Amino acid sequence: EPAKDFVPVAGFATFANALALSAGTPASSLPEYLAWVKKQGGQGNVGVPAPASVPEFLVKLISERHGLNLASVPYRGSAPMMVDMLGNQIAAGIGSVPDLIVNHQQKKLRIVAVMGSQRQAVLPDVPTFAELGLAGFEELPYYGVFAPAGTPPAVI
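Residue 160 in my numbering is what sits at position 146 of the sequence shown, and the numbering runs on without skipping anything.
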């Protein structure tokens, strides 16, 4: 049980994930995207940068909450996913804001929703998933260092 077996030593990065749509996807918001998927029989593919990742769980949550059958397409990192998104080989993808933002700013894809309890400062016009009725993804993934529980404070 990680919460009992480890103690935090240092946190050094936190980031938000976001849902982005390829330029060729006929939607410009999360509600429009969900409506478009429903018109496709509720079937759709969403790229994720890795299997069993936070983005993959977000795909499953969106599917369950909206009665869809979205399949996550795991890639070997964000770069291959971005290549397919920019080439309109996949309609949507979930990745970190830092991985998506430049192409969003250049209008090569559209970020339509972000994780977190508040909007991202770099994307003030993009709503959070919670604002769009998809609660449960307010906590942001982070990178940090942990030590085994019981490690003496002097060592930490």
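Just so it is clear, CB atoms sit at the ideal spot from N, CA and C, and this is done for glycine as well. Source: prediction; values computed, not measured.
Between VAL68 and ASN31, the CB-CB gap stays under 8 Å. Between the alpha carbons of VAL73 and ASN102 lies a gap of roughly 19 Å. Listed in chain order, the non-local C-beta contacts of SER92 below 6 Å within the same chain comprise PRO63, GLY109, ASP113, local neighbours out to five positions each way being set aside. Between MET99 and LEU123, the CB-CB gap stays under 8 Å. With distances taken between CA atoms, VAL116 lies nearest to MET96 out of MET96, ALA41, ALA163. By the neighbour-count criterion, in which a residue is buried when 16 or more other Cβ atoms sit within 10 angstroms of its Cβ, ALA27 is exposed. With contacts defined by Cβ atoms closer than 8 Å, VAL60 and ALA127 do not form a contacting pair. In its chain, beyond the 5 residues on either side, THR28, PHE29, ALA30, MET129, GLY130 have a beta carbon closer than 7 Å to the beta carbon of LEU154.
In this chain, the alpha helix (DSSP H) harbouring PRO112 covers 111-119.
Contact between LEU75 and LEU148 holds: CB atoms are separated by about 7 Å, below the 8 Å threshold. From the listed residues VAL111, ARG133, VAL23, VAL51, the smallest Cα separation to VAL159 is found for VAL23. DSSP places LEU146 in no alpha helix (DSSP H); its state is neither H nor E. If you draw a straight line from the Cα of GLU78 to the Cα of VAL169, it is about 44 Å long. Boundaries of the beta strand (DSSP E) around ALA34: 31-36. Under the three-state reduction of DSSP output, PHE151 falls in the coil class, being neither helix nor strand.
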